[in-house]
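Residue numbers (our numbering): 1 to 200. Ideal Cβ placement from N, Cα and C applies to all residues, glycine included. Some notes on the structure that comes next.
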């Protein structure tokens, strides 16, 4: 099934909307209500993404699955530790997948970013390594924050700290993507090149 490119505002809403729901619910009620609201918002965002684009990014699927598992554990066991450690699990998993892929010569960042860029193999390797280190750092940072700070501080960090940090890091990678950008080869160019080879 063909994918439809979503409007940037729609993409932003599906990515940040659940976090805002989580923040508002925690501020108005408490973490357990916020956890339930977050789970519903995550599912709604994935459904909306599929309805509009006929596709759900792999990162959203993995994140959504972990949110549902750890959110359910939080509510059933009435233990907020699970929802707090959830980002650590997600970041750690992404770091392990990216780092492990590099060891076997694979750059899984292309899959995680849903083929947003067209880079040379070296460019993909460098970008993959950087994101693996970033995710590892975010996993460590989340552990430090939730273990040493209050719940409200952790929620604020999750909503207003993680998102800006991720955006800043992503923007900082733009020079790399430009440097190793690989121009797509058109069908006409491919046919012309093949013709030259046959004539030669």
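Item, Value
"Does any heavy atom of the ligand MN sit closer than 7 Å to the C-beta of residue 125?", "Absence of the ligand MN is noted for the structure shown, with no ligands found whatsoever."
"Is residue 158 buried or exposed, if buried means 16 or more other CB atoms sit within 10 Å of its CB?", "buried"
"Indicate the three-state DSSP secondary structure (helix, strand or coil) for residue 119 in the structure shown.", "strand"
"Can you give the Cα-Cα distance for residue 120 and residue 160, rounded to whole angstroms?", "34 Å"
"Identify, in the order they occur along the chain, each residue of the same chain with its Cβ nearer than 7 Å to the Cβ of residue 110, setting aside the five sequence neighbours on each side.", "124"
"Taking residue 34 as the reference, give the member of 57, 67 and 56 with the closest Cα.", "67"
"Are the beta-carbon atoms of residue 49 and residue 65 separated by less than 8 Å?", "no"
"Considering only their Cβ atoms, is the gap separating residue 139 from residue 91 smaller than 8 Å?", "yes"
"Using a 10 Å radius around the Cβ and a threshold of 16 neighbouring Cβ atoms, would you call residue 21 buried or exposed?", "buried"
"For the pair the segment 132-152 and the segment 8-23, tell me if three or more CB-CB distances fall below 8 Å.", "no"
"Could you tell me how far apart the beta carbons of residue 117 and residue 177 are, in whole angstroms, since I believe they sit closer than 8 Å?", "5 Å"
"Using a Cβ-Cβ distance under 8 Å, would residue 157 count as near chain B?", "In the structure shown, chain B cannot be found, because there is only a single protein chain."
"So within the segment 120-193, which uninterrupted beta strand (DSSP E) runs reach at least 3 residues, ignoring any that extend past its ends?", "none"
"Going by C-alpha distance, which of 134, 107, 103 and 149 is nearest residue 168?", "134"
"Could you name each continuous alpha helix (DSSP H) segment of 4 residues or more that falls completely within the segment 59-126, going from the start of the chain to the end?", "81-103 and 109-112"
"Do residue 127 and residue 102 have their CB atoms nearer than 8 Å?", "no"
"Nearest-angstrom Cα distance between residue 26 and residue 38?", "10 Å"
"Excluding the 5 residues preceding and the 5 following residue 79 in the sequence, name in chain order all residues of the same chain whose CB lies nearer than 8 Å to its CB.", "73"
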